[in-house]
Amino acid sequence: WLAAYMKHVTSKPEEHPQISQLELDLIQAGSITEQPSVANSPSSSPGKIKKATMPWRLLLTNRYLWVIYTSHFAANYSWYILLGWLPTYLTEALGWTLSEHPGLTIAPYLCGYLGLLLSGRLSDYLITERKIPTLHVRKTMHCIGSFLPAIFLYLLPYTPPSSSITAIGLLSGCLFFGRACTSGFWINMIDVGGPDHAGSIMSISNSIGTLPGILGNLVTGYLLQNQQQGGSGEEPNWTPVFHLASAVSAMGGLIFLLGATDRNVFNSIQFRKHKDDDEDFDRDPLLLES
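Have a look at this one:
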């Protein structure tokens, strides 16, 4: 991948050899790179440029941003569970020897990769060609990526070892449809943050989104180990593991469905008094809705 990276990646988009003329014209016209900011807003004092500061209060209190953060956490929970525990489930619950079924073992991950690509294409098509409102598409894609995997994960423990192909089908469906979430909460960071703040939202959201990689694995290990310590002598019951992942996934879908927006929550500070005026800043309903 390093060779491909060195060949195709450039420091600036206008330097890319495959950039279209339309993209180049937009960049050179300044419609993308020259976004208004607090530092250069019309309300700034003439001849004085204020240094833009990180809007931590908004990033940590706005309810629309917390919809993204919690949805990110919920979507990643089942992903990390399957990423870390799928081989153990296949060997212990289904009695597989991974070396004997290499193709079926990697099928769920390949389906996840395919679902990621197709959901992005579908999302763009619905917005640009079918003219469906952006927020409707964001919520639809996120619901697909949350509720369908929740159903598959709920059904998975009831699959008998003799129906291992069915289990692989459920796992593949879970990862295929689950990646549609990236066309929901993930791209929604750009909707609500714009080019100036999407990166900051992403940094916080991704930090919260990695917590399931720690907590989810600890909880799963505890659930399985606790059963073994019960002294039943039977194989661990994976039902609580997958049902918990199912519930978390459904919770994330419900939160995004009911709470997401496609409004830029930073717009209200772009062309008004600088946010150093604490009185106006505190009373801004869009900034601090929670």
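For the sequence shown, our numbering gives the first residue as 502, with consecutive numbering after it. Backbone N, C-alpha and C define an ideal beta-carbon position, used for all residues, glycine too.
Notebook entry, point to check: Should P650 and F678 be called a contact, given that it needs their Cβ atoms to be closer than 7 Å?
Noted result: yes
Check: Buried or exposed: where does L654 fall if 16 or more other Cβ atoms within 10 Å of its Cβ makes it buried?
Finding: buried
Check: For S512, is the classification buried or exposed, using 16 other Cβ atoms within 10 angstroms of its Cβ as the cut-off for buried?
Finding: exposed
Notebook entry, point to check: In its own chain, which residues sit with a C-beta less than 7 Å from the C-beta of L617, not counting the 5 before and 5 after it?
Noted result: R680, T683
Notebook entry, point to check: Going by alpha carbons, who is nearest to L583 out of A746, W687, F767?
Noted result: A746
Next item on the list: Locate the alpha helix (DSSP H) running through I528, then write down its first and last residues.
Entry: 522-530
Check: If you run the structure through DSSP and keep just helix, strand and coil, what is G717?
Finding: Three-state result, G717: helix.
Margin query: Taking the straight line between their C-alpha atoms, what separation do you get for L619 and P661?
Written below: 31 Å
Notebook entry, point to check: Run through DSSP, which three-state label would Q726 get?
Noted result: DSSP places Q726 within a helical segment (H, G or I) once states are collapsed to three.
Notebook entry, point to check: Is it right to say Y614 is buried, meaning 16 or more other beta carbons lie within 10 angstroms of its own, or is it exposed?
Noted result: exposed
Checklist line | Collapsed DSSP secondary structure at L584 in the structure displayed | finding: helix
Check: For P588, does the count of other Cβ atoms within 10 angstroms reach 16, so buried, or fall short, so exposed?
Finding: exposed
Check: Does DSSP classify L595 as helix, strand or coil?
Finding: L595: coil per DSSP, three-state reduction.
Check: To the nearest angstrom, how far is it from the Cα of I715 to the Cα of A530?
Finding: 45 Å
Item checked: Neighbourhood of G760 by C-beta distance below 6 Å, restricted to the same chain and skipping five residues each side -> V568
Item checked: Start-to-end residues for the alpha helix (DSSP H) that takes in C644 -> 635-656
Check: For H744, which residues of its own chain have a beta-carbon under 8 Å away from its beta-carbon, when the five flanking residues on both sides are left out?
Finding: L654, Y655, P658
Notebook entry, point to check: Sorted by chain position, which residues of the same chain lie with C-beta nearer than 8 Å to V638's C-beta, five sequence neighbours on each side aside?
Noted result: Residues S624, L627, I628, S684 of the same chain have their beta carbon placed closer than 8 Å to that of V638, with the five preceding and five following residues left out of the count.
Next item on the list: Report the rounded CA-to-CA distance for W586 versus I528, giving the unit in angstroms.
Entry: 45 Å
Item checked: Proximity test, Cβ basis, 7 Å: N768 and chain B -> Checking the listed chains, one finds no chain B in this structure; it contains a single protein chain.
Check: Among residues of its own chain, excluding the 5 on either side of A486, which ones have a beta-carbon nearer than 7 Å to its beta-carbon?
Finding: Here the chain covers residues 502 to 791 and nothing more, so residue 486 does not appear.
Item checked: Collapsed DSSP secondary structure at P556 in the structure displayed -> coil
Next item on the list: Between the Cα of V766 and those of C675, G694, L719, I702, spot the shortest distance and give me the residue it belongs to.
Entry: G694
Next item on the list: State the start and end residues of the unbroken alpha helix (DSSP H) segment that holds W687.
Entry: 686-710 is the extent of the alpha helix (DSSP H) around W687.
Check: What residue does the alpha helix (DSSP H) around K508 start on, and which one ends it?
Finding: 503-509
Next item on the list: Using three-state DSSP, classify W739 as helix, strand or coil.
Entry: coil
Next item on the list: Output the distance between the C-alpha atoms of E535 and G646, rounded to the nearest integer angstrom.
Entry: Residue confidence is low: E535 scores 42 on pLDDT, short of 50, so the model does not pin down where it sits. Its coordinate-derived value is still stated next. One C-alpha to the other measures close to 34 Å.
Item checked: Check whether F686 and F757 have beta carbons under 7 Å apart -> Their beta carbons are under 7 Å apart, which means F686 touches F757 by this criterion.
Margin query: Restricting to Cα atoms, I'd like to know which of G710, I702, T667 is closest to T606.
Written below: T667
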